[in-house]
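Engineer: So that we are looking at the same thing, I have put the structure below in structure tokens.
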Amino acid sequence: MPSPIAHVGLAFFARPFLARHPAAHALSRPRRWAFYALISFALIAPDLDFALAFIFTHPLHDHGTYMHSLFAAILFAPLFAFIAYPLLQRSIPRLTLALVGFAAYSSHLLLDLFTPGRGIMLAWPVTTERFASPVPLFFGAHHSQLWAFHLHLITLLTELIFVALVGLTAHYLSPRPHQPPKQRPTSQRNSEFPSLPSTRNQKPKTRNP
Ligand SMILES: [Zn+2]
């Protein structure tokens, strides 16, 4: 699994999401930051099973089990919408927020799939088989080798690069504030067409009888 850095880095996409909903433009700064915090929680929520693994000894409560399934993502989605809807002052529909919650939770599963390790029970409760991509994209966190600083350094550097790329993409996706086109001086506009006579401020010619 990647470290929380890579997971939470995807919260950069929350900014262009809010920017593309005109009804959410009037939200106060604390509400926006509370929404970013909620998104960040959704991005790391599957790893709460670390706590369950400490409490329960049954293998089903181990890390990477049912909390890392698409079924859990489906259950999480309405819960996310239930909290986010009043937080955003009903400016974004519940269904949209539920889809955001599902996408945030599922993105965690996707990143874990592409990280070396034991895999995750993506299809629980249909099967308890653990899935993992044969082609890893992340180096992964090495919690069991706490003092292997060189491994942690590789994890940190690769994930910071990933977060930087996410941040750049989110910045690119953010709509630009509308700016009216600059009006150039009349003299400059006419200088581009020197052969055309300027008609502005010209008095209409009067015919002599
Ligand atoms: Zn995980």
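Residue 31 in UniProt numbering sits at position 31 of the sequence shown, and the numbers go up by one each step.
Beta carbons: idealized from backbone N, C-alpha and C, even for Gly.
#1: Beta carbon of HIS68: closer than 7 Å to some heavy atom of ligand 1?
#2: Within 10 angstroms of its Cβ, does PRO209 collect 16 or more other Cβ (buried), or is it exposed?
#3: Hey, LEU18 and ALA11 are a contact pair by Cβ (cut 8 Å); roughly how many whole angstroms apart?
#4: Tell me, please, whether the stretch 57-66 touches the stretch 31-42 by the rule of three or more beta-carbon pairs shorter than 8 Å.
#5: With contact counted as at least three CB pairs below 8 Å, one residue from each stretch, are the stretch 69-79 and the stretch 103-112 in contact?
#6: Report the three-state DSSP secondary structure of PHE131 (helix, strand or coil).
#7: May I have a chain-ordered list of the alpha helix (DSSP H) segments no shorter than 4 residues that lie completely inside the stretch 30-74?
#8: Are ARG90 and ALA81 closer than 8 Å when you measure CB to CB?
#9: ALA164 and PRO16: beta carbons closer than 8 Å?
#10: From what residue to what residue does the alpha helix (DSSP H) around LEU10 run?
#11: Under a three-way DSSP split, which group does ILE5 fall into?
#12: When you compare only the Cα positions, how much space is there between PRO22 and LEU88?
#13: Should LEU111 go down as buried or exposed, given a rule of 16 or more other Cβ atoms within 10 Å for buried?
#14: Can you list, in chain order, the residues of its chain whose CB lies under 6 Å from that of GLY119, leaving out five sequence neighbours each side?
Structural biologist: Walking through what the data contain:
#1: What you label residue 68 is simply residue 68 of the sequence shown in a count that begins at 1. Yes, the Cβ of HIS68 comes within 7 Å of a heavy atom of ligand 1.
#2: Residue numbering aside, residue 209 sits at position 209 when the sequence shown is read from its first letter. With a pLDDT of only 44 at PRO209, under the threshold of 50, the placement of this residue in the model should not be trusted; the figure read from the coordinates follows. It counts as exposed.
#3: Here residue 18 refers to the residue found at position 18 of the sequence shown. Here residue 11 refers to the residue found at position 11 of the sequence shown. So it is not a contact: roughly 12 Å between Cβ atoms.
#4: no
#5: yes
#6: Start at 1 with the first residue of the sequence shown, and residue 131 comes out as number 131. Strand.
#7: 49-55
#8: Counted from its first residue, the sequence shown places residue 90 at position 90. Counted from its first residue, the sequence shown places residue 81 at position 81. Cβ distance not < 8 Å, so ARG90 and ALA81 don't count as in contact.
#9: As a first step, residue 164 must be located in the sequence shown, where it is residue number 164. As a first step, residue 16 must be located in the sequence shown, where it is residue number 16. Result no, Cβ atoms of ALA164 and PRO16 do not sit closer than 8 Å.
#10: As a position in the sequence shown, residue 10 is number 10, starting the count at 1. Careful: LEU10 lies outside any alpha helix (DSSP H) and carries neither H nor E.
#11: Residue 5 sits at position 5 when you count from the first residue of the sequence shown. In the structure shown, ILE5 sits in a helix (DSSP, three-state: H, G or I).
#12: One-based indexing of the sequence shown puts residue 22 at position 22. One-based indexing of the sequence shown puts residue 88 at position 88. Taking the straight line from one Cα to the other gives about 12 Å.
#13: Within the sequence shown, the letter at position 111 stands for residue 111. When all chains shown are included, LEU111 counts as buried.
#14: Position 119 of the sequence shown holds residue 119. Contacts found: ARG130, PHE131, ALA132.
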